[in-house]
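Asks: 1 is the number of the first residue of the sequence shown in our numbering; add one for each residue after it.
Input: one structure, supplied below.
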Amino acid sequence: MDKQKLAKEVLELVGGEENVRQVTHCMTRLRFYLHDDDLASKEKLEQTKGVVGVMQSGGQYQVIIGNDVADVYKELMKVTNLSSEHKSQTKGPKKKQNIISKLFDVLGSVFTPVLPAIAGAGMIKGLLSILVSLGWLTTDNQTYIILSVIGDGVFFFLPIILAYSAARTFGNNPFIAVAIGSVVVHPQMTELLGAGESISFLGLPVVGVSYAYSVIPIVITIWLASYVEKVLDRITPKSVNLIVVPMVTLLIVVPLMLIAIGPVGTVIGDSLSSVISYLFDNTGLFAGLLLGGTMSLLVITGMHHALLPIILDSLARNNFDYILPVIVAANLAQAGAAFGVFLKSKNKQFKSLSLSTSFTAAMGITEPAMYGVNVRLKKPFIAALIGGGVGGAFMTLFHIRAFVFPGNAGLPGFPMFFGGSLTNAILGILISFIVAAVITYFLGFEDVVSAEDNTVEKKTTPKKEDSPRTVNQQNIYSPIKGEVKALSEVNDPTFAGEIMGKGVAIEPSEGKVVSPINGKVVSVFKTKHAIGLKSDDGAEVLIHVGIDTVKLDGEFFTTYVNADDEVKVGDLLLEFNIKEIQKAGYNTITPIIITNTKQYTTIESNQQKEINENDLLLTLRV
Numbered sequence: 001m002d003k004q005k006l007a008k009e010v011l012e013l014v015g016g017e018e019n020v021r022q023v024t025h026c027m028t029r030l031r032f033y034l035h036d037d038d039l040a041s042k043e044k045l046e047q048t049k050g051v052v053g054v055m056q057s058g059g060q061y062q063v064i065i066g067n068d069v070a071d072v073y074k075e076l077m078k079v080t081n082l083s084s085e086h087k088s089q090t091k092g093p094k095k096k097q098n099i100i101s102k103l104f105d106v107l108g109s110v111f112t113p114v115l116p117a118i119a120g121a122g123m124i125k126g127l128l129s130i131l132v133s134l135g136w137l138t139t140d141n142q143t144y145i146i147l148s149v150i151g152d153g154v155f156f157f158l159p160i161i162l163a164y165s166a167a168r169t170f171g172n173n174p175f176i177a178v179a180i181g182s183v184v185v186h187p188q189m190t191e192l193l194g195a196g197e198s199i200s201f202l203g204l205p206v207v208g209v210s211y212a213y214s215v216i217p218i219v220i221t222i223w224l225a226s227y228v229e230k231v232l233d234r235i236t237p238k239s240v241n242l243i244v245v246p247m248v249t250l251l252i253v254v255p256l257m258l259i260a261i262g263p264v265g266t267v268i269g270d271s272l273s274s275v276i277s278y279l280f281d282n283t284g285l286f287a288g289l290l291l292g293g294t295m296s297l298l299v300i301t302g303m304h305h306a307l308l309p310i311i312l313d314s315l316a317r318n319n320f321d322y323i324l325p326v327i328v329a330a331n332l333a334q335a336g337a338a339f340g341v342f343l344k345s346k347n348k349q350f351k352s353l354s355l356s357t358s359f360t361a362a363m364g365i366t367e368p369a370m371y372g373v374n375v376r377l378k379k380p381f382i383a384a385l386i387g388g389g390v391g392g393a394f395m396t397l398f399h400i401r402a403f404v405f406p407g408n409a410g411l412p413g414f415p416m417f418f419g420g421s422l423t424n425a426i427l428g429i430l431i432s433f434i435v436a437a438v439i440t441y442f443l444g445f446e447d448v449v450s451a452e453d454n455t456v457e458k459k460t461t462p463k464k465e466d467s468p469r470t471v472n473q474q475n476i477y478s479p480i481k482g483e484v485k486a487l488s489e490v491n492d493p494t495f496a497g498e499i500m501g502k503g504v505a506i507e508p509s510e511g512k513v514v515s516p517i518n519g520k521v522v523s524v525f526k527t528k529h530a531i532g533l534k535s536d537d538g539a540e541v542l543i544h545v546g547i548d549t550v551k552l553d554g555e556f557f558t559t560y561v562n563a564d565d566e567v568k569v570g571d572l573l574l575e576f577n578i579k580e581i582q583k584a585g586y587n588t589i590t591p592i593i594i595t596n597t598k599q600y601t602t603i604e605s606n607q608q609k610e611i612n613e614n615d616l617l618l619t620l621r622v
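Laid out in structure tokens, this is it:
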């Protein structure tokens, strides 16, 4: 590979040097901050030899290169005047965004971190529905009551949870925000607001509305509090800042919430809920057809974040939601389109990718199928939109509703449908999948020609230094103690779609990484979050601690080895602070990837759920 040529081609296809604010890289990809993403040609980049894939995430335009990314980055620095320092996005010139884009970004930042808690509680409520419908529990049973409280707790105290998340987005003190949220769910306050009597504060009327389960009022309130807090912090003497700023913020913001923001937010929520209910109740197929057919486009643009508060508000007010079933239909359509590619493609490697990503999409993780297969081939993505529209229309026609917030909008979230028509929900899911798969198969697409096929035709021979020793079986031992998970569970299309290679992921229970092989350290990334190794038998191993942890710039990581160091199984490579990384908003799940996967016929996991350091993790067979 000509690294300099690739660097120049990538630079040109992202819009040239004048379009790049700043560029960094991690172990697998170049991360560009662009002035205008529209000037970049994603289609041409994906067709460029040496580029594995392209994705946009977190305000970054990411070009996936693979193991050679560091060399390509160096060549990029040589031919440009771009900054080589790792900076956060906010330190450069602000990227122009319209108010709608900013709103979607804010909604995503506020609601995405709280989804695991909401999803977990929602699935408990779904489980309760199943147990009651099977007659295994009754609503007056004490076990039922305790489980019900576990499922309802997060929703009842949602104002507090959202207050904390919103504070992290808007830059408030999160604990002042939590204090604001706790006021409206305090037992005395809920009793006062729900008594049905006239209420006033300093002679001003307070509207009696319920804040438990509410979404919009608290987000607006914390947004306002961020400005109040910043002004107070600027004008208050530092000697009394710690006392005065929190006290005055609470005294200003909480009454404003009770007198004005709460009632206005409640009206907005009621209006949105009424409009959605009216559309799904009265427009027949149209609402489901429109939403199901465009859902994947909303995901690509980030506009789907706007649906989260509407869904949560609908579940809180009505105890059901119409949007979630349509989202499930759209996701299964992406799975169906990828499955259609699997049936049609003649490229063995791409068939395998299509089948695996079809499965992950059916499980509710659509990015690998969407970006790695369907969008890449274009026509399958169109088939997925059609399948999502048809399935969404069916869901609407038969008034399919979700009664809990699921773990994800895929097959594992099926308990959301208990309490309604399960048969029709299953039919809607099957229709989405089958329609997308059939259209993909018969519409056809321009198949992917593998690089392997090209090299065979040219009869090229790999360099001797790049060939592993002839060993029938190689063992890779666990570098981390924790819970073993499939790569499909990693919330990153590059890893989940096995673009970098096969392997597993570990959710660490200890912040320590040891060597999984006898061999050599190939690379230690400067931000310390990832290490590349090569075993004496030729296996190339990438250990990538966390997702997007490159943005931490080495904070909370300590490395104990350097490139070219010899290591043995169990040698300490690096340590990381799990709590601080998670507190900073990053997932610590750690993919362990065999980056030269193509050199092995099989890569098998030992199937353990919990694993300790130095336990057998993977078996590689040549």
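Don't be surprised by glycine CBs; every beta carbon is placed ideally from N, CA and C.
Treat the numbers as computed from the prediction; the structure is a model and nothing was measured.
So, is A563 buried or exposed, given that buried needs 16 or more other C-beta atoms within 10 angstroms?
Replies: So A563 ends up on the exposed side.
Asks: In its own chain, which residues sit with a C-beta less than 8 Å from the C-beta of T558, not counting the 5 before and 5 after it?
Replies: K528, L574, E575, F576
Asks: Any idea what DSSP makes of Q4, helix, strand or coil?
Replies: Q4: helix per DSSP, three-state reduction.
Asks: Using alpha carbons as the reference points, say which of L430, Q47, A409, V404 lies closest to G419.
Replies: V404
Asks: Which value, in whole angstroms, describes the spacing of the CA atoms of F350 and F342?
Replies: 8 Å
Asks: Express the C-alpha separation of A584 and A505 in angstroms, rounding to a whole number.
Replies: 21 Å
Asks: Please say whether G388 and A330 have beta carbons closer to each other than 8 Å?
Replies: yes
Asks: Quick check: V326 and M295, are their CB atoms within less than 8 Å of each other?
Replies: yes
Asks: Output the residue ranges of the alpha helix (DSSP H) runs that lie fully inside the segment 134-216 and measure 4 residues or longer, sorted by chain position.
Replies: Qualifying alpha helix (DSSP H) stretches, in chain order: 142-156, 158-170, 174-183, 187-193.
Asks: Between the C-alpha atoms of I592 and V154, what's the straight-line distance to the nearest angstrom?
Replies: 34 Å
Asks: Note down the Cα distance separating G372 from E46, rounded to an integer number of angstroms.
Replies: Between G372 and E46, the C-alpha separation is close to 10 Å.
Asks: Could you check whether the segment 220-228 touches the segment 245-263, counting it as contact only if at least three pairs of C-beta atoms, one from each stretch, sit closer than 8 Å?
Replies: yes
Asks: Since N475 sits in a beta bridge, which residues does DSSP pair it with?
Replies: T619
Asks: What's the call for H25, buried or exposed, on a 16-neighbour Cβ count within 10 Å?
Replies: buried
Asks: Going by beta carbon distance, what residues of the same chain come within less than 7 Å of E9, once the five residues before and after it are set aside?
Replies: Short of 7 Å from the beta carbon of E9, and not among the five residues preceding or following it, lie these beta carbons of its own chain, in chain order: T48.
Asks: In terms of residues, what are the limits of the alpha helix (DSSP H) holding P591?
Replies: It is not in any alpha helix (DSSP H) - P591 instead sits in the beta strand (DSSP E) that spans 590-594.
Asks: In whole angstroms, what separates the C-alpha of L353 from that of P159?
Replies: 42 Å
Asks: Measure the Cβ-Cβ separation of K42 and V54 and say whether it is below 8 Å.
Replies: yes
Asks: Sort out for me which residues DSSP pairs H25 with in a bridge.
Replies: L30
Asks: Taking the beta carbon of L6 as the centre, do at least 16 other beta carbons fall within 10 Å, making it buried, or is it exposed?
Replies: buried
Asks: Excluding sequence positions up to five away, which residues of its chain have a Cβ less than 7 Å from the Cβ of S148?
Replies: Taken in chain order, the residues that qualify are L128.
Asks: Alpha carbon to alpha carbon, how far is A402 from A362? Give it in angstroms, no decimals.
Replies: So the two alpha carbons sit approximately 17 Å from each other.
Asks: I'd like to check one pair, T440 with K344: are the Cβ atoms closer than 8 Å?
Replies: One thing to note: K344 has its Cβ within 8 Å of the Cβ of T440.
Asks: Which one of Q582, A486, P516 has the shortest CA to CA distance from G503?
Replies: A486
Asks: Return the chain-ordered list of same chain residues with a C-beta closer than 7 Å to the C-beta of N172, the five sequence neighbours on each side being excluded.
Replies: I222, A225, S226, E229
Asks: Answer with buried or exposed for M416, where buried requires no fewer than 16 other C-beta atoms within 10 angstroms of its C-beta.
Replies: buried
Asks: If distances are taken between C-alpha atoms only, which option among T366, I480, L385 comes closest to N491?
Replies: Of the candidates T366, I480, L385, the one whose C-alpha sits nearest the C-alpha of N491 is T366.
Asks: What does DSSP give as the partner residue(s) for D321 in the beta ladder?
Replies: A402.
Asks: Pull up the distance between the alpha-carbon of L617 and that of I517, whole angstroms please.
Replies: Distance between the alpha carbons of L617 and I517: 11 Å.
Asks: What residue from E446, L332, A393 has the CA that sits closest to N282's CA?
Replies: That would be A393, whose Cα lies nearest to the Cα of N282.
Asks: Within the continuous beta strand (DSSP E) that includes Q60, where are the two ends?
Replies: 60-64
Asks: Tell me which same chain residues have a C-beta within less than 8 Å of the C-beta of I386, skipping the five on either side of it?
Replies: G293, A333, V435, A436, I439.
Asks: Could you have a look at G16 and say whether DSSP puts it in helix, strand or coil?
Replies: coil
Asks: From the DSSP output, in three-state form, read off A437 for me.
Replies: helix
Asks: With a 10 Å radius around its C-beta and 16 neighbouring C-beta atoms as the bar for buried, classify S271 as buried or exposed.
Replies: exposed
Asks: Which stretch, first to last residue, makes up the beta strand (DSSP E) that contains V524?
Replies: 519-524
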